[in-house]
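Each residue of the sequence shown is one higher than the one before, counting from 10 in the working numbering. Beta carbons are placed, not taken as given, at the ideal position from N, Cα and C, and that holds for glycine. Below you'll find the structure, written out as structure tokens, and then a few comments.
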Amino acid sequence: MSSKFLKQTKKYLTKITVVAVALAMATTLAFGQSGSGKLESAEEEDKTERVYERMIAHGGGTVEGFDTSSSVDAVNMAINNGFKLIELDMEFSADNKIIMLHDWDRTVSTYLGRKFDIKLTEKQFNNQLICGKFEPLTFEKLTKILDSNPQVRIVTDTKGDNIKLLTTIAEKYPAYISRMVPQIYDYSEFETVSSLGYSDIIFTLYMQDKINYNQLLGFVKRNDIYAVTVGKDYWIKGLPEKLSRDGIVVYTHPIYTLEEAEGEFKRGVYGVYSSTLIPSEIEEHEAEFYLMQMSEKGKAVKLTDAAMPQDRIRTVKNHGNMDYKACKYKLDGENLETRLSEIEDSPSEAHELTIEIWDISGKSEEKANVPIYIMKYILTKNEGEVRILDTKYAYRLKALKKLPEFQTIMDADEKNKPAEEIMDILSKSFIAKAGKYYYYNNSISGSYSVGDELMSAQKSISGNVIVPLAETIKELGAKNIMMDSGRYIYIAMNDSRTVSQVYSNFVRKDTYNTKISVPISLYRNKAMAGGEIISVASGRDFIEDKGLLIVLPENCKVSDKMAEKLAEYADFLYKDQSLLQKAQI
């Protein structure tokens, strides 16, 4: 028998085995099983296994309520939440470096707060804050994250040139090819992508306006495609079910709720892309036992965030089979009612609510000694009501927390207390920090917001600190500020009139023109400005250092050495987390 015939036979048997195992996996999709699945090869020489995850972090997942940001913070949060497959949106910078961004036109203002006439360079992109607060992610940074987390792989996504993207990764980062699970968007892309060395390739169908099912099935099986991704609202109804029945591993997106995920699994989908769910929610006990709440449509759904009278906690419905089981409620590790009576009212002070599930069937002595599972939630109490949150929504309490107190923080460390002169200057200054939503003015803290959301100070393309102009200049004493339809901004302050235009490098105060390096820009339709224009309008000097903007008191001039000292202690207001905790942030 020829070696060529044996090789072809082994390859044929391998594909049969993979299809059979995939079919078995796709049709055994009840909640409570492990989040990973393996497809084993039948070839004796090739011992590699294909590993599948039930959940893919869509766009890097969610961090502090912001989803699909593809930021450093989001990826780290996804890893902490147990994701092993993370999908990231990739684009090219102006200098042809790979950065994590959905696109440069349609959604760039969602993530960077504004549109740009031309693409940013990688350095300029790194100077931005994603969603106003998160660190931007480049492929260079991604390699460091992958080095520290060998269990993680990246699903690539791009709205640009996919072949260029995957070629660039293969040529510049060959050591990371095995860590990539590339998506292709057309049949024609497969040969090129496969030849670059990628093995686990996903065929995602949202670019396909026509589908010949036999062609699709033949293509996937013939080329040993890793999986097929079908949008949940894809125009061909029943396609996931059909593919699953034919032994293809199917993913779908975007999925936002546990109820949606359950529905997709029931119709044969193996896994989901989600920016809001985390793996533990569909695995083992957490997939079975959780509290319920009523949705706006009157349906019982998984509790995420609910308020109720404090005497109604025990009446909240539990999801899961509660036959021969009992619940033990604890707050901060103590009896629920006893602890509730002890804690003070505070809408921002978080307490741990635990609900232990115990087996009371009497069939197992071992099960009777330890709880089957412990549900964990966050609870706050205020004026006779409690608020119960899923632990992943802890960030929602941030907006309700007491702002840090200038004097409390400065007095916290007696050994490193600033000199009297430094303390005096800072207490009369305006201080803001890029990435932080709170500021200090005359030693009193305040916060920036847009609508109902907290908003942080930003960085300009050049890396300079920029702050919401209207709120800042009013804090400094401006009588009025307005912007007209031509985006000219007028500031009335100190009996003078200051005028500039969005994106202009000139500002006029009364009859004098001044050239500035950081023009006014728009972020989420708010005028953002740096220290230069604030200095012109207010007549006050400023310091910019360590990501801080310090507007000094009136008629205050300082040396470079003093400026460094002031920035050092001003940064102390934001940086020292242990002291911030003492200040009850």
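Assumed close pair residue i, residue j - CB separation to whole angstroms, cut-off 8 Å
{"i": "residue 95", "j": "residue 69", "result": "6 Å"}
{"i": "residue 355", "j": "residue 389", "result": "7 Å"}
{"i": "residue 536", "j": "residue 498", "result": "6 Å"}
{"i": "residue 501", "j": "residue 518", "result": "That belief does not hold up - the Cβ atoms of residue 501 and residue 518 are roughly 11 Å apart, past 8 Å."}
{"i": "residue 264", "j": "residue 235", "result": "Not confirmed; about 19 Å, so no contact."}
{"i": "residue 113", "j": "residue 128", "result": "6 Å"}
{"i": "residue 437", "j": "residue 451", "result": "6 Å"}
{"i": "residue 288", "j": "residue 90", "result": "7 Å"}
{"i": "residue 241", "j": "residue 261", "result": "5 Å"}
{"i": "residue 316", "j": "residue 394", "result": "6 Å"}
{"i": "residue 397", "j": "residue 362", "result": "6 Å"}
{"i": "residue 280", "j": "residue 64", "result": "6 Å"}
Close Cβ partners of residue i (< 7 Å) along its chain, the five nearest in sequence each way excluded
{"i": "residue 131", "result": "102, 104, 106, 108, 147"}
{"i": "residue 534", "result": "none"}
{"i": "residue 456", "result": "412, 446, 447, 463"}
{"i": "residue 155", "result": "161, 185, 188"}
{"i": "residue 194", "result": "171, 213, 216"}
{"i": "residue 84", "result": "69, 95, 146, 154"}
{"i": "residue 82", "result": "72, 143, 144"}
{"i": "residue 595", "result": "The structure shown has nothing for residue 595, since the chain only spans 10 to 594."}
{"i": "residue 569", "result": "none"}
{"i": "residue 120", "result": "78, 110, 111, 139, 140"}
Residue environment, residue i, which counts as buried when at least 16 other CB atoms sit within 10 Å
{"i": "residue 579", "result": "buried"}
{"i": "residue 494", "result": "exposed"}
{"i": "residue 379", "result": "exposed"}
{"i": "residue 39", "result": "Note on residue 39: pLDDT 44, under 50, position unreliable in the model; no value is reported."}
{"i": "residue 162", "result": "buried"}
{"i": "residue 423", "result": "exposed"}
{"i": "residue 100", "result": "buried"}
{"i": "residue 419", "result": "buried"}
{"i": "residue 370", "result": "exposed"}
{"i": "residue 292", "result": "buried"}
{"i": "residue 477", "result": "buried"}
Beta bridge counterpart(s) of residue i as assigned by DSSP
{"i": "residue 506", "result": "501"}
{"i": "residue 134", "result": "Paired residues: none, contrary to the question."}
{"i": "residue 535", "result": "532"}
{"i": "residue 443", "result": "466"}
{"i": "residue 328", "result": "299"}
{"i": "residue 339", "result": "344, 363"}
{"i": "residue 318", "result": "394"}
{"i": "residue 477", "result": "537"}
{"i": "residue 355", "result": "390"}
{"i": "residue 236", "result": "211"}
Cα-Cα separation between residue i and residue j, rounded to whole angstroms
{"i": "residue 258", "j": "residue 573", "result": "59 Å"}
{"i": "residue 134", "j": "residue 278", "result": "37 Å"}
{"i": "residue 140", "j": "residue 88", "result": "20 Å"}
{"i": "residue 349", "j": "residue 340", "result": "7 Å"}
{"i": "residue 427", "j": "residue 550", "result": "21 Å"}
{"i": "residue 479", "j": "residue 577", "result": "27 Å"}
{"i": "residue 80", "j": "residue 66", "result": "12 Å"}
{"i": "residue 434", "j": "residue 561", "result": "7 Å"}
{"i": "residue 283", "j": "residue 218", "result": "24 Å"}
{"i": "residue 165", "j": "residue 506", "result": "51 Å"}
{"i": "residue 239", "j": "residue 251", "result": "12 Å"}
{"i": "residue 296", "j": "residue 75", "result": "24 Å"}
{"i": "residue 530", "j": "residue 328", "result": "49 Å"}
{"i": "residue 272", "j": "residue 403", "result": "27 Å"}
{"i": "residue 137", "j": "residue 286", "result": "27 Å"}
{"i": "residue 302", "j": "residue 268", "result": "13 Å"}
{"i": "residue 343", "j": "residue 337", "result": "10 Å"}
{"i": "residue 304", "j": "residue 310", "result": "6 Å"}
{"i": "residue 330", "j": "residue 385", "result": "18 Å"}
{"i": "residue 190", "j": "residue 496", "result": "45 Å"}
{"i": "residue 118", "j": "residue 78", "result": "12 Å"}
{"i": "residue 201", "j": "residue 512", "result": "43 Å"}
{"i": "residue 417", "j": "residue 454", "result": "12 Å"}
{"i": "residue 228", "j": "residue 222", "result": "10 Å"}
Own chain partners of residue i with C-beta closer than 6 Å, once the 5 adjacent residues on each side are dropped
{"i": "residue 325", "result": "300"}
{"i": "residue 111", "result": "98"}
{"i": "residue 381", "result": "366, 368"}
{"i": "residue 540", "result": "551, 553, 558"}
{"i": "residue 458", "result": "464"}
{"i": "residue 555", "result": "576, 580"}
{"i": "residue 583", "result": "442, 445"}
Cut-off 8 Å between Cβ atoms - residues of its own chain near residue i, not counting five sequence neighbours on either side
{"i": "residue 473", "result": "526, 527, 539, 540, 553"}
{"i": "residue 545", "result": "507, 516, 518, 523, 525"}
Any chain D beta carbon closer than 7 Å to residue i
{"i": "residue 317", "result": "Here chain D cannot be found, since the structure has a single protein chain."}
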